[in-house]
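As structure tokens, the structure follows; a few thoughts come after it.
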Amino acid sequence: MLVNGKNECIKCSIDNCAYHAKTDDYCTLEQIKVGTHEKNPVKKECTDCESFKNQA
Ligand code: SF4
């Protein structure tokens with residue numbers, strides 16, 4: 272649920288994402304999708320936020 276435009280269930284520090292709350296380290300989307308670019312993910316570096324969008 273969004274509170275003051277941010278989703279307090281999704282903390283995020285990627286502030287060059289178009290969906291970052293900017294003033295706070297939260298996402299502004301209702302939900303995100305997490306995925307991987309690896310065939311066999313074994314550490315956190317293998318995971319990606321697939322909802323990321325580069326801010327223009
Ligand atoms: S979409 Fe992903 S990367 Fe972008 S602010 Fe939300 S959680 Fe962070």
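Residue numbers (this note's numbering): 272 to 327. Even for Gly, the Cβ is constructed at its ideal location relative to N, Cα and C. Given the structure is predicted, the values throughout are model-derived calculations rather than measurements.
For residue i, list the residues DSSP reports as bridge partners.
i, result
"residue 277", "274"
"residue 290", "Answer by DSSP bridge pairing: none, since residue 290 is not bridged."
"residue 282", "297"
Nearest-angstrom Cα distance between residue i and residue j?
i, j, result
"residue 305", "residue 277", "18 Å"
"residue 298", "residue 311", "27 Å"
Exposed or buried, what is residue i when buried is set at 16 or more other beta-carbons lying within 10 Å of its beta-carbon?
i, result
"residue 280", "exposed"
"residue 308", "exposed"
"residue 292", "buried"
"residue 317", "exposed"
So is the beta-carbon of residue i under 7 Å away from any non-hydrogen atom of ligand 1?
i, result
"residue 291", "yes"
"residue 300", "yes"
"residue 288", "yes"
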